[in-house]
Structure formats: structure tokens, C-alpha cells
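There are 4 protein chains.
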Amino acid sequence: MEGFFFPRTPTGRSSIVPSPPWHYSGEMITVEYRTHPDRVAEMLPEGAELAEDDPGAVALIWADWQSCGDDFSELLDPYKSQYKECFAVIRCRWDDRDWSRSPFIWVDKDFALVRGYHQGYPKKLGDIWMTRPVTVGRAGPRLEPGGRFGATLTVAGRRIAEAVVTLTEPAPSPGFVNAHPMLHDRRWPAIESDGSMAVDEMVTMRGYDGEVADVWAGEAQLDVFDSPWDELAYLEPLEIIGGYYHRVGVSWRQGTTLRK
Amino acid sequence: MEGFFFPRTPTGRSSIVPSPPWHYSGEMITVEYRTHPDRVAEMLPEGAELAEDDPGAVALIWADWQSCGDDFSELLDPYKSQYKECFAVIRCRWDDRDWSRSPFIWVDKDFALVRGYHQGYPKKLGDIWMTRPVTVGRAGPRLEPGGRFGATLTVAGRRIAEAVVTLTEPAPSPGFVNAHPMLHDRRWPAIESDGSMAVDEMVTMRGYDGEVADVWAGEAQLDVFDSPWDELAYLEPLEIIGGYYHRVGVSWRQGTTLRK
Amino acid sequence: MEGFFFPRTPTGRSSIVPSPPWHYSGEMITVEYRTHPDRVAEMLPEGAELAEDDPGAVALIWADWQSCGDDFSELLDPYKSQYKECFAVIRCRWDDRDWSRSPFIWVDKDFALVRGYHQGYPKKLGDIWMTRPVTVGRAGPRLEPGGRFGATLTVAGRRIAEAVVTLTEPAPSPGFVNAHPMLHDRRWPAIESDGSMAVDEMVTMRGYDGEVADVWAGEAQLDVFDSPWDELAYLEPLEIIGGYYHRVGVSWRQGTTLRK
Amino acid sequence: MEGFFFPRTPTGRSSIVPSPPWHYSGEMITVEYRTHPDRVAEMLPEGAELAEDDPGAVALIWADWQSCGDDFSELLDPYKSQYKECFAVIRCRWDDRDWSRSPFIWVDKDFALVRGYHQGYPKKLGDIWMTRPVTVGRAGPRLEPGGRFGATLTVAGRRIAEAVVTLTEPAPSPGFVNAHPMLHDRRWPAIESDGSMAVDEMVTMRGYDGEVADVWAGEAQLDVFDSPWDELAYLEPLEIIGGYYHRVGVSWRQGTTLRK
Numbered sequence: 321m322e323g324f325f326f327p328r329t330p331t332g333r334s335s336i337v338p339s340p341p342w343h344y345s346g347e348m349i350t351v352e353y354r355t356h357p358d359r360v361a362e363m364l365p366e367g368a369e370l371a372e373d374d375p376g377a378v379a380l381i382w383a384d385w386q387s388c389g390d391d392f393s394e395l396l397d398p399y400k401s402q403y404k405e406c407f408a409v410i411r412c413r414w415d416d417r418d419w420s421r422s423p424f425i426w427v428d429k430d431f432a433l434v435r436g437y438h439q440g441y442p443k444k445l446g447d448i449w450m451t452r453p454v455t456v457g458r459a460g461p462r463l464e465p466g467g468r469f470g471a472t473l474t475v476a477g478r479r480i481a482e483a484v485v486t487l488t489e490p491a492p493s494p495g496f497v498n499a500h501p502m503l504h505d506r507r508w509p510a511i512e513s514d515g516s517m518a519v520d521e522m523v524t525m526r527g528y529d530g531e532v533a534d535v536w537a538g539e540a541q542l543d544v545f546d547s548p549w550d551e552l553a554y555l556e557p558l559e560i561i562g563g564y565y566h567r568v569g570v571s572w573r574q575g576t577t578l579r580k
Numbered sequence: 321m322e323g324f325f326f327p328r329t330p331t332g333r334s335s336i337v338p339s340p341p342w343h344y345s346g347e348m349i350t351v352e353y354r355t356h357p358d359r360v361a362e363m364l365p366e367g368a369e370l371a372e373d374d375p376g377a378v379a380l381i382w383a384d385w386q387s388c389g390d391d392f393s394e395l396l397d398p399y400k401s402q403y404k405e406c407f408a409v410i411r412c413r414w415d416d417r418d419w420s421r422s423p424f425i426w427v428d429k430d431f432a433l434v435r436g437y438h439q440g441y442p443k444k445l446g447d448i449w450m451t452r453p454v455t456v457g458r459a460g461p462r463l464e465p466g467g468r469f470g471a472t473l474t475v476a477g478r479r480i481a482e483a484v485v486t487l488t489e490p491a492p493s494p495g496f497v498n499a500h501p502m503l504h505d506r507r508w509p510a511i512e513s514d515g516s517m518a519v520d521e522m523v524t525m526r527g528y529d530g531e532v533a534d535v536w537a538g539e540a541q542l543d544v545f546d547s548p549w550d551e552l553a554y555l556e557p558l559e560i561i562g563g564y565y566h567r568v569g570v571s572w573r574q575g576t577t578l579r580k
Numbered sequence: 321m322e323g324f325f326f327p328r329t330p331t332g333r334s335s336i337v338p339s340p341p342w343h344y345s346g347e348m349i350t351v352e353y354r355t356h357p358d359r360v361a362e363m364l365p366e367g368a369e370l371a372e373d374d375p376g377a378v379a380l381i382w383a384d385w386q387s388c389g390d391d392f393s394e395l396l397d398p399y400k401s402q403y404k405e406c407f408a409v410i411r412c413r414w415d416d417r418d419w420s421r422s423p424f425i426w427v428d429k430d431f432a433l434v435r436g437y438h439q440g441y442p443k444k445l446g447d448i449w450m451t452r453p454v455t456v457g458r459a460g461p462r463l464e465p466g467g468r469f470g471a472t473l474t475v476a477g478r479r480i481a482e483a484v485v486t487l488t489e490p491a492p493s494p495g496f497v498n499a500h501p502m503l504h505d506r507r508w509p510a511i512e513s514d515g516s517m518a519v520d521e522m523v524t525m526r527g528y529d530g531e532v533a534d535v536w537a538g539e540a541q542l543d544v545f546d547s548p549w550d551e552l553a554y555l556e557p558l559e560i561i562g563g564y565y566h567r568v569g570v571s572w573r574q575g576t577t578l579r580k
Numbered sequence: 321m322e323g324f325f326f327p328r329t330p331t332g333r334s335s336i337v338p339s340p341p342w343h344y345s346g347e348m349i350t351v352e353y354r355t356h357p358d359r360v361a362e363m364l365p366e367g368a369e370l371a372e373d374d375p376g377a378v379a380l381i382w383a384d385w386q387s388c389g390d391d392f393s394e395l396l397d398p399y400k401s402q403y404k405e406c407f408a409v410i411r412c413r414w415d416d417r418d419w420s421r422s423p424f425i426w427v428d429k430d431f432a433l434v435r436g437y438h439q440g441y442p443k444k445l446g447d448i449w450m451t452r453p454v455t456v457g458r459a460g461p462r463l464e465p466g467g468r469f470g471a472t473l474t475v476a477g478r479r480i481a482e483a484v485v486t487l488t489e490p491a492p493s494p495g496f497v498n499a500h501p502m503l504h505d506r507r508w509p510a511i512e513s514d515g516s517m518a519v520d521e522m523v524t525m526r527g528y529d530g531e532v533a534d535v536w537a538g539e540a541q542l543d544v545f546d547s548p549w550d551e552l553a554y555l556e557p558l559e560i561i562g563g564y565y566h567r568v569g570v571s572w573r574q575g576t577t578l579r580k
């Protein structure tokens, strides 16, 4: 039975995600802001500490992706390659290094969900929308000063976050919060469902062949709303740091288990 | 009670579509092909005749749009501005002029559906996917020779059409079938539901301030599938003419009633 | 070219809605409440007046339907027969008679949208969810005192309404607001988009062969939320009248034009 | 950090699935058929053998569920409790016992997806539709001889399966294929993505407090279609055994690891 993932079959082509490497090209709208540092601390894995500088910094990032495996077949059946996501990123210090970490993340396709589980992202499904820049016509912003982008997240029928970023100038990088290798948990309960874990790992991973382009900084507004089922608002914005637009290309092959 | 469209309220802001003008920016993947001319003829309004040249020509066009009204407010809540569509276009001769006409069209948002009813497009809902060109990373084609784009249409849970366009070279225009003013019917049955019509009009309309960019020609493959509920396959492809990618911006303000 | 509705083709089977009669079987959760009578008055057609008794009464009704045309073919492809809706109903007095009228309504399928336009309902798309009663297991209420039902409406990514109805006892009827023939407008702007109307009718319609079953009354909670795009909250609940669950079967053949 | 599942937070309420026990109430349409026994054998875990009687038997089951955790809170926000699924079941012999096993399964909500991963079901997202029985009106079958039910499955924009079951008579049980404890794999690759596994378990599980009601047998038709991404058609129907409708209630608390 073949297949990097389930369902495994004689051919392997039913696998919900093909074998790595995986390739990604997309565009992102980022809002960086400060929340209560103690709430960031609560979201860290055991043994990790708050980042020393700007410990309450959070990035909320919307992304509109195309992705595929190494035979690129998904690209011609774009239902299988396109997805959108919205994710929060915080930072921490562990083992004398700085790490990024995603405590909340929503996507809109199943392959992205499971690919995330492989990488330690705590993904759920959500409805994600982002304004796209245009080069012709009047129905969209240009990548130029004053260009305005909206981004929204709805989960289980409730609006969870909405942002507006107004571009001011090209920038060298799209923020500092999502800039480190990721420090994630991969925890799956034992089927005995008694509190024991079948997997309980701390892992890290990072892409390769990353390219960024069209990086713009801007002013940002952000509203985050509570829900009985989703607690992004626990990391409520107290102060906006800034907003960004950029394009990114990256590939991913593997991660590393740091601790079991 | 205010509102260009229902539901009408004291403020008018519930209207499913705001007052024109409407602005559009998007990208399109087009496949032009030849079908049975007599089937094209059957889809024409009374009194119209087949185009003299290439009477069986059909364009099947996928589009990924941002659109908005004249206050541009939808652009910051992109659920309300973004939609995709797939539509067939045929041509005809009527009143000594050449016209384009859409016998089948699917979109994925309600505002696009009703805006289309206003313009005489026979819209239904469908799931529409199109490969997007990229400028960074490996997960998508570049706008360059060899760039390959897929496009699919699923309606009521059945795949109806799928296409692949492989770019060969820049082109002066994205095809000839969707190039004329539209000749559409607007027909709404009387509520008596006895065969009489409350509206029975032949109308035409065309955008203004049109801009095209990044027009590429290419080779195309197209498969069209039958469904009990959707008859795009009645206009089955017998011979491919060609494929195109392009970006377009356009605005729309009004049409003209040609015949009641 | 055949078809009760577009797209019209030689066979007629592409029509987004088949010819009447149409048959419906479903279940409904209703909350009746009082809002500002003057706001109800603003939603009435010209010449109509508030109902004399309880002029601010509104029903907000969630429905989970199966529907089909007279050959029943949709029932075996349930994507084409099942849909959910949520609609507000108010009452008025016109021409010495009492009428019901729907100022806001959301559905989740295109055929229901267009069938509604035929009948004068100002439909938009929305995401509608309703608790279902069960007869086995623990994951749902029984139709018995204390059975609790939830109902929610999300439109364009925003929660618009949510209700809970707790059954108290069987009831003779599921409320009084949606009890009269409907008084609706059918208004479609001229394609000239200059404020003139291609259709501007006042119509009425009512089903036949109606059956109700399992009618229960109960206590209700209701929250309604504002949105930039949807104004159900303009008819905000000031006082709850009551809640209901019931099943209904009905057929529909035609309406009557009251005024052009 | 609390939560039976991710995302884990101080409150635990973000968990995509609450702690067991989980309760389910639903209705099912089942088609049992025979496929190539050697293909069934290929889908079995290492060491398991074909069932001795009717080794090529498969059940394809559509289910429309309400489910919830032990505080029943999801029932009042039915987006969080309702989902549909379609799954194939085969049987095998292992360790001197008979087992059922699901090689393919699709659901339409994220909580059902992850709950399935916990239990070893190889879930993907799909669009699932099932005719519902009615008790009033004409838009649906009754639970009586001649009642006809349709069921469809669309995955990634392609129709994968469609069935029709016509009821003939009440039956003592809804088939024999899905009648044993489940024998599932739980396999998650190591993040090193080098072919090693972080979890590789054979598990079993079964519900408790099961109730069935309204069990009907019938005649069945079934068509299964191939897709580049989904191989249900590998278990193609060669001969129909029969069809069933029934309602079921069940709870689930835990499973057992059989082998690591």
C-alpha cells in the first residue's frame, strides 16, 4: 500500500497529500500588533520563554496560495492546488534560539489541513478572503502608496477577524514575527482517549528556496472577535505595529524532531 | 424604499447589487473552438442568424474577478467583491450587425448572479477554478512560452468542463468570439405561470473604459461533459481554435433595450 | 427554445427551475417577536398599511426543505432538491384584506433563489443551520417538552441571526404572522439602469395542498446582528412573542398579479 | 494548555474536537455490493486476511449526522454538530476474529475529519447529499415500500458515486459488512518525511449505547466513477447485494491499540 498519507492504496494516488517536496507560490497580507505578553507566554510549549524584545508581538497573516507536489500535477486541476489561510504567529525563546510559532490557523482545503498537521500547525477550516492587487481597471488597489487591502476570516459562521492595510512604501521585509524557524507541537491523543498521547513531539521546520517580491509596508487596522469555539480574540490587539503586503515562493521538504 | 435591487430598505444598503456604474478587474482563460453550427443557431434569439464567418465558433471563458460599485466599498470586504465565472459565448448576425451572446454561464456569488440577470446573462451557480500565474516560486506558471493553465467547472456536483491552455506567444487580442456587443434576452415569466411573460426583451450592453493587458495566445485542450441539469455539452467541441490568457479591466453603466 | 426559466435550450432541461407545479416538504423553526411598528410600515408596498392588531409583529423562520418539480426527478439527486432558508415575515392591510410579506430572505441554492424571484421574494444567499429532532441516540432533541433547537444565519461571512427554541407543548398552529397570502413586489430595473423599471408589479401567491404536522410551541431566544450589507437588524426584536417547530408539505402552481 | 485536540489554549474550548464521549444521531443509506476480492485484500493491514464468506463484499454508506460532545453545546449551534459522510467498508479476518474496516471516507466538516483521524478513518472532505424521508407533502419518499432515496458523492469537483435505493420491506438489520468492530491504522509520518512513521498503530474501536430504528431493505443501483485523486472506483461494484435505510444513535468513548 502506497501513499505518503492516507488513504493508502496500491497506486498511492489517493493520498490526501503527496510526498514532499511541496512547492508554494502566493501572496500575503500581514498585520503585526502587540497583545498581552502573558497570554503569548501561555501559548508556548513547556520550557519555552517569551522573546526578549517585544514579547507581546503577534503577526496575523492572510495568505492566498497555489501549492503542489513535485510532479506539479495539481496545478492543472486548481481545486487541488489553490487554498487560502489565515494564521497567527507568536515568537519565543527556547534552547538559546528564537523561534516563531503558530497558535491558531485556518485554511479552506483538506489537503492544506493535513499538510499542516504533518508540520505541527493546529489547523481548522475557515472562510478566508483577501483583496488582490490589480494592474488594469478600477476594481482593486495597485501596489503603490495608498493601495488599500481588506482581509477577513469567518469560522463556523462567525466573523473572527478583519483587517485593512493601506500601503505606504516598499519595505525590505514583511515583518519580524514570522521570521524564525517554526517551533511546533505534534500531539495526537492515544485512541484510548485517556489523556495519554500516541505522539507528543516538539518539532521544527522551515522552507527552502524562499523568494519574496513586491514587499510593501503600510498602516493597518485590525479587529478580532470572540467566538464560543475559536479564541483568536484571546490574543487581542492592544497596539498595531504595522501592515505588509508581499508575494512569496517557497518549497518544503522536511522538518526535524526536537524532543519527544 | 431605496435600493437599485431588492431587498429594498430605507437606506438602500441591503440591495444585492448597488447602483451602476460597476467596476471590474480580472483575469481570463479562454478556449475558442468550433461546434455544430446548427446548434449555435438554435441558441439564438428569434430573427437572429448565424455569423457568416466561422458560424460554429464558441468561446468558453473562465474569469476570476474583483468587482465593486462606485463607492468601492466592496473591495475592503472581498467576500463582496471577488467571484469567479465560466461562460460560453457564441456569435450571431441581427439587424445588420454582429453580436456576441452568452447561452450558458455560471458564477459563484449571488451578487454576480443578479447583476447578470439585469444584463440578460442566464446565470447559475457553479464551482469555478483557474490556475493563476505566479512571479515567485515554483507553484504556478509564468506568463511566458510554455506556461500551462488549467481551468475547471463543476455544477451541482458534476464536472461540466475542464481545459488546459499552454501559452505560446503574446497576442494582440484574446480571441474573436466575445468581441461584439452582447445580444441578450431578459425574460421573466408572469407570476400566473401560464406561459405568459412579465418581461420579454432583447437587450444589448457593453462596458466602457476597457483595458486589456498581458494577452497571450496558446494551445488549448478542452473537455465538456453532459449532465442531466446542464447542457453545455450540447455545444460540444469538434475542433479547437486556440486558447488565451489575459487581464481585463472594465466598467459598466447601462444597456439598451432593442426590442420588447 | 424551451424552459420555464433560463438558460433556455431545445430540450428545456437546463432551466434553473422547472415549470410549476413545485412540491415542497420540510421542517421549520419559527420565532415570532415584536419590533418597532414604524419600521415594519417602512417595509410595506405603497398603499399598504400596518396590521391593526400587533402591528410590529415579525416572524423569523428557518426552513429545511426538499422541493421538486412535477416529475420529481430532483428527489433522486438531492443536491437539486434540498435547500435551507431563513426569512423574515411581516403583515399588512391592503385592499381590505390581511397579507403576509417577506422583506428579507436568504437561501443556499440557486434554484431556490430564482424560484423566489419568480414569487417576489427578495432572496440572497446565506448559510443556514437548524437543529433537527431525533428519534434515536442522544445527539439531538426529541419532539417533546424541553426539546431545544438552535438556528443560525450567516450572510457574507457575518452572523446575522441566531435563535434557540425550547419546546413546551403541542400547538394548533405555528404562529400567526406567516398565515396570510403573500403580498410581494416583483421589480426588475430596466437595462437602461436609469431608475425606470422593466417590471414593477404587486403580486400575491399562496400554496395548495398544504399539510402541517408535529406543531409544537415553545419559548424562544433571538439575537439579530447588524452588517454593512444586510439589515435584518433594522427589524430588531424588542419583545419575544413565542417560538415554534413544525413540519409542512405544500405545492405551488401560480400567483396573481394585483397591480402593475 | 487544555484541549483534547489542537489548538490548545488555557480554556480548552478551541479544541477542534471536545473530549470524548461523543454522541451521534443520524440516518444512513447503505448499498452493499461485491467487488474483486483481490482488491479488497490489497486494502487490508499487514497480517489480515479476506473474510471467508463473501470476501469481495463492500458497503458504501451515506450518513447524515448530528453529533456532539458530552455537554451537548454543539446541538444549539448546528454548524458545529451537523455533518454528512460517505464511506466504504470492507471486512477482514485477523487474530481469529472478523473485523470491519473503512478504506475510503469523505465528510463535510473539519471536526468530523479530525475525529476520524483519531479513530483511524482516512477522511477527506467531500460533498455528500442524501434524500430524506418525509411525513408530509410530496417532495420526498415515505418509509414504505416503493420509497426511493438518492445519494451522491462529489470530491474535488468530480462526481465519485451515486446511488438509488428503493425500499421493499422492513428488515432486521441494515446489512452485514459494517457489523464488526473496526480494524484501522493510525499512521502519521515523522516530520523528517523520510518514510519513517511517528505513529504506526493498528487500533480497534466500537461505539456503545447503539440504537437502530426504521430499518428498511431495498433494491439498489450504484455507479462509481474514477478520479485522478480518489480511487473509490478501484473497489468497483460487480454485483449489487442490496440497499438499506436506517436511523442510528450511538456514543463513543475510546478505542484500543492492538499493535504498534
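Chains as they are written, first to last, in the numbering used here: chain G, 321 to 580; chain C, 321 to 580; chain P, 321 to 580; chain B, 321 to 580. Heads up, the beta-carbon is just placed ideally off N, CA and C, and yes, glycines get one too. These figures come from a predicted structure and were not determined experimentally.
#### Entry: Reference residue 581/G; option with closest CA among 550/G, 421/G and 394/G
No answer is possible for residue 581/G: the residues shown for chain G start at 321 and end at 580.
### Message
Strictly below 9 Å CB to CB, what residues from chain P border residue 433/C?
### Response
430, 433, 434 and 445
### Message
Do residue 578/B and residue 560/B have their beta-carbon atoms positioned less than 8 Å apart in this structure?
### Response
no
### Message
One question on the structure: do residue 428/G and residue 397/G come within less than 8 Å of each other, judged by their Cβ atoms?
### Response
No.
### Straight-line gap, residue 374/C to residue 567/C (C-alpha atoms, nearest Å)
25 Å
### Query
Which residues bound the alpha helix (DSSP H) around residue 360/C?
357 to 362
### Task
Tell me whether residue 546/B is buried or exposed, calling it buried when 16 or more other Cβ atoms sit within 10 Å of its Cβ.
exposed
### Task
Assess, as a yes-or-no matter, whether the segment 449 to 469 of chain C is touched by the segment 409 to 426 of chain C under the definition of 3 or more beta carbon pairs within less than 8 Å.
no
### Query
Going along the chain, which residues of its own chain have a beta-carbon closer than 8 Å to the beta-carbon of residue 413/C, five neighbours each way excluded?
So the qualifying residues of the chain are 368, 369, 370, 371, 372 and 419.
### Task
Measure the CB-CB distance between residue 355/B and residue 558/B and report whether it falls below 8 Å.
yes
### Query
Among residues of its own chain, excluding the 5 on either side of residue 290/P, which ones have a beta-carbon nearer than 7 Å to its beta-carbon?
Given a span of 321 to 580 for chain P in the structure shown, any question on residue 290/P remains unanswerable.
### Query
List, in order along the chain, the chain G residues whose C-beta lies closer than 7 Å to that of residue 321/C?
Residues of chain G passing the Cβ test: none, with the nearest at roughly 28 Å.
### Task
Take residue 382/B as the anchor and find which of 484/B, 360/B and 477/B has the nearest alpha-carbon.
Each of 484/B, 360/B and 477/B was checked against the Cα of residue 382/B, and the nearest Cα belongs to 484/B.
### Task
Check each candidate in 503/C, 458/C and 407/C and name the one with the smallest Cα separation from residue 482/C.
407/C
### Within chain C, partners of residue 439/P - CB distance below 8 Å
511
### Query
Per DSSP, which one or two residues make a beta bridge with residue 535/P?
Bridge partners of residue 535/P: none, in fact.
#### Entry: Proximal residues of chain B, C-beta to C-beta of residue 568/P below 8 Å
456 and 457
### Query
Excluding sequence positions up to five away, which residues of its chain have a Cβ less than 8 Å from the Cβ of residue 465/B?
Only 487, 488 and 489 meet the Cβ criterion.
### Message
Suppose the cutoff is 6 Å on Cβ atoms and the five residues either side in sequence are ignored; what does the same chain contact list for residue 550/B look like?
### Response
Once the five neighbours on either side are set aside, the close Cβ partners of residue 550/B are 475 and 480.
### Task
For residue 525/C, decide whether its Cβ has a neighbour in chain P, counting only Cβ atoms nearer than 8 Å.
yes
### Task
Answer with yes or no whether the minimum CB distance from residue 554/G to chain B is below 8 Å.
Yes - at least one Cβ of chain B is within 8 Å of the one on residue 554/G.
### Query
Taking C-beta to C-beta, are residue 494/G and residue 524/G nearer than 8 Å?
no
### Query
When you check each C-beta in the segment 470 to 493 of chain P against every C-beta of chain C, which residues fall closer than 8 Å?
Across the segment 470 to 493 of chain P, CB contacts with chain C closer than 8 Å involve 476 and 477, in sequence order along the chain.
### Query
Leaving out the 5 sequence neighbours to the left and right, which residues in its chain are closer than 6 Å to residue 390/G when beta-carbon positions are compared?
341
### Query
When you compare only the Cα positions, how much space is there between residue 497/C and residue 554/P?
47 Å
### Task
Could you check what DSSP says for residue 435/C in three-state terms: helix, strand or coil?
DSSP places residue 435/C in the helix class (H, G or I) of the three-state scheme.
### Rounded Cβ spacing between residue 491/P and residue 432/P (contact assumed at less than 8 Å)
Not quite, the Cβ-Cβ distance comes to about 27 Å (not below 8 Å), so this is no contact.
### Message
Can you tell me whether residue 366/P is helix, strand or coil according to DSSP?
### Response
coil
### Task
Return the first residue and the last residue of the beta strand (DSSP E) that residue 569/B is part of.
559 to 572
### Query
Mind checking residue 510/P: buried by the 16 CB within 10 Å criterion, or exposed?
buried
### Query
Hey, how far is the Cα of residue 526/B from the Cα of residue 345/G?
43 Å
### Task
For my contact list, residue 352/C and residue 530/C are in at a C-beta cut-off of 8 Å; report their separation, rounded to the angstrom.
That pair is no contact at about 19 Å.
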